[in-house]
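**Student:** I am attaching a structure below and will ask some questions about it afterwards.
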Amino acid sequence: MNNQPSQKWMEFAFAGRRIREHFGLDKALQYLIGEKLLWFMDEAKDYEPYVNQIPLLAAEIRQIFSAEEIKQYLSQLQRRRVIVKSPPRPDALGRRRFTRAELDSLLL
419 MNNQPSQKWM EFAFAGRRIR EHFGLDKALQ YLIGEKLLWF MDEAKDYEPY
469 VNQIPLLAAE IRQIFSAEEI KQYLSQLQRR RVIVKSPPRP DALGRRRFTR
519 AELDSLLL
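Numbers in our numbering are just positions in the sequence shown, counted from 1, shifted up by 418.
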């Protein structure tokens, strides 16, 4: 996979569409939002070129999934405490945890 941020988000979106087609909605949501979008957002804190690419990936996610599908998946992430309601603190490994409000404003 290419390390250029402009290529990464496009590759993630392409793969997400293929996953949805071949493995279903849940797997595609997990891949694109639960793995790739959260990874991209976390990497952006240390790698400036990713910052401007996040809205592009989010726009593609909105094209792939309905608002209702995204809301339901974000609720699952919140129940599993992958995302949090209040301002985030790093987890035990030092990774940033994102808030539901951050993801709502980006994806909905």
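The beta-carbon is built from N, C-alpha and C at its ideal position, and this holds for glycine as well.
Identify, in the order they occur along the chain, each residue of the same chain with its Cβ nearer than 6 angstroms to the Cβ of Ile437, setting aside the five sequence neighbours on each side.
**Tutor:** Lys445, Ala446 and Tyr449
**Student:** Please list, in chain order, all residues of the same chain as Pro468 whose beta carbon is under 7 angstroms from its beta carbon, the five residues on each side excluded.
**Tutor:** The sequence as given places Tyr at residue 468; Pro does not occur at that position. Counting only Cβ-Cβ distances below 7 angstroms, and skipping sequence neighbours, we find Pro423, Phe458, Glu461 and Ala462.
**Student:** Is it true that the CB of Asp522 sits closer than 8 angstroms to the CB of Leu495?
**Tutor:** Contact check for Leu495 against Asp522 fails: the beta carbons are separated by 8 angstroms or more.
**Student:** In angstroms, rounded to a whole number, what distance separates the CA positions of Glu478 and Arg435?
**Tutor:** 10 angstroms
**Student:** Distance check for Leu456 and His440, CA to CA, integer angstroms please.
**Tutor:** 23 angstroms
**Student:** Between which two residues does the alpha helix (DSSP H) carrying Tyr491 extend?
**Tutor:** Ala485 to Arg497
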